[in-house]
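Right, one structure below, let's go through it.
There are 2 protein chains.
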Amino acid sequence: MEEHRTEIASLGEFGLIDHLTRNNETMQAGTLLSVGDDAAVVDNFGRQTVISTDLLLEGVHFDLMYMPLKHLGYKAVAVNLSDICAMMATPTHITVSIGISNRFSVEALDEFYDGIYAACSQYNVDLIGGDTTTSHKGFVISITAIGEVAPGKFVTRDGAKPNDLLCVSGDLGAAYVGLQLLEREKKIFMETPQVQPDLENRSYIIGRILKPEPRADIVTWLQENDIMPTSMIDVSDGLSSEILHLCTRSHTGCVLYEDKIPIHAETREMAFEFNIDPTACALSGGEDYELLFTVKQEEYEKIAKNSNITVIGYMAETTEGSNIITRSGKKHALTAQGWNAFKE
Amino acid sequence: MEEHRTEIASLGEFGLIDHLTRNNETMQAGTLLSVGDDAAVVDNFGRQTVISTDLLLEGVHFDLMYMPLKHLGYKAVAVNLSDICAMMATPTHITVSIGISNRFSVEALDEFYDGIYAACSQYNVDLIGGDTTTSHKGFVISITAIGEVAPGKFVTRDGAKPNDLLCVSGDLGAAYVGLQLLEREKKIFMETPQVQPDLENRSYIIGRILKPEPRADIVTWLQENDIMPTSMIDVSDGLSSEILHLCTRSHTGCVLYEDKIPIHAETREMAFEFNIDPTACALSGGEDYELLFTVKQEEYEKIAKNSNITVIGYMAETTEGSNIITRSGKKHALTAQGWNAFKE
């Protein structure tokens, strides 16, 4: 991709913004004013606005060595949209601010923005603003996502009741083993650059770490089927930590069944290759961006019809604590560092 | 302030967020859900939402050597609110994301947040979310400001017509000479640390660079007096550059009168001390955060009543170009780098 290198300085600040947003088309009817003024303006048509923001720093949240810029752009948007979905809301708009050094060419930034726009297009989200600045130290990305929800129809973390079913979308732990694989291949490459990375038959787990998808489809399905979860959160830090957030905020305990946790076959294989417990990957791995939520028991039949949702346990009284029942039938207290306690 | 130092690590990520937001009270009736969930939720009551965002990096946008953390927090919020005001909208909410290294203590962060909350309180704005992360390299601040406006009542940069009056709030150039003064005193301090900075009788210009105020008061006054500007922008990069933005976007030229540009007495004194032209400070200095706007000629009498607003010229046909008439009556083309051309 380095056939032609255009220096950022050759465009200037305003030229760069014009360049990066030249193909930016708005899709949302509510977008009254987009990039190019002091601020953007959005009409809400009587719906409520949902807002979330993330700051991503090179060397802390991503490694450009194995994260292609296009994927980085896509993922930076996806993880923000995931927070909007976790409120049972529909993402509609984003702002993207970047801090960049002149080691980046305009072509490199174009790759990054290709990823941003791909995610916007995938989820019908309008890019409506941002800030572009010089960074002396590393690539800085700040994204704010905005969504909408019908009045009062958002779902928080604090509404779960004892006996509510604990549900999760998709499968867990794949992003974690995907990251371990990328780290291993990076290490091998650093030591012997002539060796090509061995990522064959690992496309699922690699995809899960490099190109996560917010579960907007699950939100739509729940809305269409008239299922109102009692609490909801997205799985960014690992299943244990997220379940404990719901329990703490809802003042409940819980029972989680190890054998119900959905784990992809490729995740299991890779975990065994790395000699780690697949359950541990799901409990503590993080970056899965699935939705974890609770519903009333009477919703069971509806939920059971959706093969993308798994009931993994239920909420309990606080006095019963937050526990996992292992495959062997043993009960362990769930901790945020799932598998440390687990290995005892 | 370093009497007691609490390490950030001692609180942990969630503990730190709880600590920093422990006194966070919401004031806006529309704030349905604030800090602490996946996202915040805002009710708009049929009004339109205005959104702006800024990324501030240590060493690029601020220097902690002469920028006290409390002022930095205040200013970071103020400059974002200024963008909302520049749409003729009322700021209502902000999100604040920070990247911090462990060279910061919890007490230092408290200072920063004191400034954030002071600005929120001053402008009736709710802090509703954010992200707190580790930075290996410098302090990173990303703020998104949200505001509201009655349907269709926002003002963009592109509505000015020939013969509209060109107006500016407050006075210009003070922040620039304030910064020059701080830079000079920093240099003296670095060379001879025993010398105390000489900032006496310079409180106005120092205040303008360290604690700028968004002109929400001007927006309110214009609304109350039923004056709808035809275009508007805030003065962050210097008067010339902002006037040219309005001209370009509105497809007009302009005539600016040098003798009408409002400059504070202290700014003039300091400029003479530094041997720079006060007009040049106003034209190219930046960081004044005043509002620059155009109104129809028939609004003149109303505008003239407000001593915080000065008519500095008028918009012209594109064919007439964008010009400044100097005190001596000469006409010069206005350029974004105002005083370079000016000195020829």
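Those protein sequence lines, which keep their order, are chains X and F.
Counting in this note's numbering, the final residue of the first sequence is number 433, and the numbers go up one at a time with none missing.
Counting in this note's numbering, the final residue of the second sequence is number 433, and the numbers go up one at a time with none missing.
Here a beta-carbon is modelled for each residue, glycine too, at the ideal position from N, C-alpha and C.
Quick caveat: nothing in here was measured; it's all calculated off a predicted structure.
X/Glu289 to X/Leu270, Cα distance in whole Å? 11 Å
So with CB distances below 7 Å, who are the chain X contacts of F/Lys226? Residues of chain X passing the Cβ test: Lys226 and Gly227.
In whole angstroms, give me the CA-to-CA distance for F/Arg297 and F/Pro351. 14 Å
How would you label X/Phe447, buried or exposed, when you count the other beta carbons within 10 angstroms and need 16 or more for buried? Here chain X comprises residues numbered 90 to 433, so residue 447 of chain X is not present and cannot be evaluated.
I believe F/Val63 touches F/Ile232 by the beta-carbon criterion, under 8 Å. Please report the beta-carbon distance rounded to the nearest angstrom. Missing from the structure shown is residue 63 of chain F; chain F here goes from 90 to 433 and no further.
Near X/Glu102, which residues of its chain fall below 7 Å by C-beta distance, leaving aside the five closest residues on each side in sequence? For X/Glu102, same chain residues with a beta-carbon under 7 Å away, outside a window of 5 residues either side, are Thr221 in chain order.
Should F/Met154 be flagged as near chain X, meaning a C-beta pair shorter than 7 Å? no
For a test of the three-state rule: what should DSSP assign to F/Met404, helix, strand or coil? Residue state, collapsed to three classes: strand.
Output the distance between the C-alpha atoms of X/Leu254 and X/Glu406, rounded to the nearest integer angstrom. 13 Å
With 16 as the cutoff for other CB atoms within 10 Å, does F/Met404 come out buried or exposed? buried
Please compile the residues from chain X whose C-beta is within a distance smaller than 7 Å of the C-beta of F/Leu372. Near F/Leu372 there are no residues of chain X at all, since even the closest Cβ is about 18 Å away, more than 7 Å.
Using 10 angstroms around the beta-carbon of X/Val284, count the other beta-carbons present and answer buried if the total reaches 16, otherwise exposed. exposed
Mind checking F/Phe134: buried by the 16 CB within 10 Å criterion, or exposed? exposed
Within the same chain, show all residues whose beta-carbon is closer than 7 Å to that of X/Leu122, passing over the 5 residues directly before and after it, in chain order. Ala129 and Val130
Cut-off 8 Å between Cβ atoms - residues of its own chain near X/Ile97, not counting five sequence neighbours on either side: Taken in chain order, the residues that qualify are Leu105, Ile189, Asn191, Phe193, Ser194, Val195 and Leu198.
Inspect the beta-carbon positions of X/Asp260 and X/Thr120 and report whether they are closer than 7 Å. no
Please confirm whether X/Thr184 has its beta-carbon closer than 7 Å to some beta-carbon of chain F. yes
Local Cβ density within 10 Å of X/Ser258, reported as buried at 16 or more and exposed below that: buried
Since F/Arg246 and F/Ile332 should fall inside the 8 Å C-beta cutoff, what is the C-beta to C-beta distance between them, to a whole number of angstroms? Rounded, the Cβ-Cβ distance is 11 Å, inconsistent with contact.
Output, in chain order, the set of chain X residues within a Cβ distance shorter than 8 Å of F/Ala128. Val139, Ile140, Ser141, Asp172, Ile173, Ala175, Met176, Ala178, Ala234 and Gly236
Proximity winner among F/His182, F/Asp126, F/Met317 and F/Asp152, relative to F/Leu268 (alpha-carbon distances): F/Asp152
C-alpha gap between X/Val400 and F/Thr181, whole angstroms: Cα-Cα distance, rounded: 40 Å.
List the DSSP bridge partners of X/Met321. The partner list for X/Met321 (beta bridge, DSSP) reads X/Phe382.
Do X/Thr223 and F/Val149 have their C-beta atoms closer together than 7 Å? Cβ distance < 7 Å, so X/Thr223 and F/Val149 count as in contact.
Quick one: which chain F residues come within Cβ less than 8 Å of X/Val149? Gly188, Thr222, Thr223, Ser224 and His225
Integer-rounded CB distance, given that F/Arg357 should sit under 8 Å from F/Val238: Not confirmed; about 37 Å, so no contact.
Grab me the residues of X/Ser210's own chain with a C-beta within less than 6 Å of its C-beta, minus the 5 sequence neighbours each way, in chain order. none
Can you round the beta-carbon distance between F/Thr383 and F/Ala249 to whole angstroms, since I take them to be within the 8 Å contact cut? 4 Å
Distance CB(F/Cys256)-CB(F/Ile413) smaller than 7 Å: no
Helix, strand or coil: how does DSSP classify X/Asp126 here? coil
Using a cut-off of 7 Å between C-beta atoms, extract the partners of X/Gly135 located in chain F. Gly135
Does the distance from the C-beta atom of X/Ala165 to that of X/Leu145 stay below 7 Å? A distance below 7 Å separates the beta carbons of X/Ala165 and X/Leu145.
C-beta contact flag for X/Glu347 and X/Arg416 at 7 Å: Yes. Within cutoff.
Does DSSP classify X/Met90 as helix, strand or coil? For X/Met90, the pLDDT reaches just 45, beneath the cut-off of 50, and the residue's location in the model is therefore unreliable, although a value from the coordinates is still provided. Coil.
F/Lys276 to X/His225, Cα distance in whole Å? 22 Å
Got a sec: is the Cβ-Cβ distance from X/Gly327 to anything in chain A below 7 Å? In summary, chain A is missing from the structure at hand, where the protein chains are X and F.
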